[in-house]
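Okay, so here's the structure we're looking at.
In the working numbering, the protein residues as written are -8 to 110.
Shown next, in the form of structure tokens:
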């Protein structure tokens, strides 16, 4: 019993950190550090930290910016899923295989019409 109490008392107190690492590309890091260096070219005052710069920039993020970022993150599969769901809500529920067959059929019809117009 006493050995477990001694082990608990022997542990050094760890200081809790109020910062965390985030992953960004090397190019992004380089741009942030460059901007921070420009901001810190001054004669007086403490150095501006990256955290303060980011906190100043975050409120300037608009809903349109967020929407553009969300759209840019979509994969082809995500776009197809969105198209499928929109089709189902407009024309009724169908299987994904039937929807893909419909897409291929409409695409081949457009292609045939385009070739006929060129001839």
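Glycine included, every Cβ here is placed at the ideal spot set by N, Cα and C.
Distance, Cα to Cα, residue i vs residue j?
i	j	result
residue 78	residue 18	40 Å
residue 24	residue 50	20 Å
residue 20	residue 76	39 Å
residue 96	residue 104	12 Å
residue 38	residue 46	15 Å
residue 74	residue 102	20 Å
residue 93	residue 80	15 Å
residue 40	residue 54	26 Å
residue 5	residue 14	25 Å
residue 66	residue 72	10 Å
residue 91	residue 82	14 Å
List the whole-angstrom C-beta distance separating residue i from residue j, where the pair is believed to meet the contact cut-off of C-beta under 8 Å.
i	j	result
residue 27	residue 44	6 Å
Can you list, in chain order, the residues of its chain with a C-beta nearer than 8 Å to that of residue i? Leave out the 5 residues immediately preceding and following it.
i	result
residue 42	10
So, at 6 Å on beta carbons, what are the nonlocal neighbours of residue i in its own chain, with the 5 sequence-adjacent residues on each side left out?
i	result
residue 8	none
Give me, in chain order, the residues of the same chain whose beta-carbon lies closer than 7 Å to that of residue i; leave out the 5 immediate sequence neighbours on both sides.
i	result
residue 85	79
Whole alpha helix (DSSP H) runs in the segment 8 to 76 with 4 or more residues, listed along the chain?
Counting only runs of 4+ residues, the alpha helix (DSSP H) found wholly inside the segment 8 to 76 occupies 17 to 30, 41 to 48, 54 to 63, in chain order.
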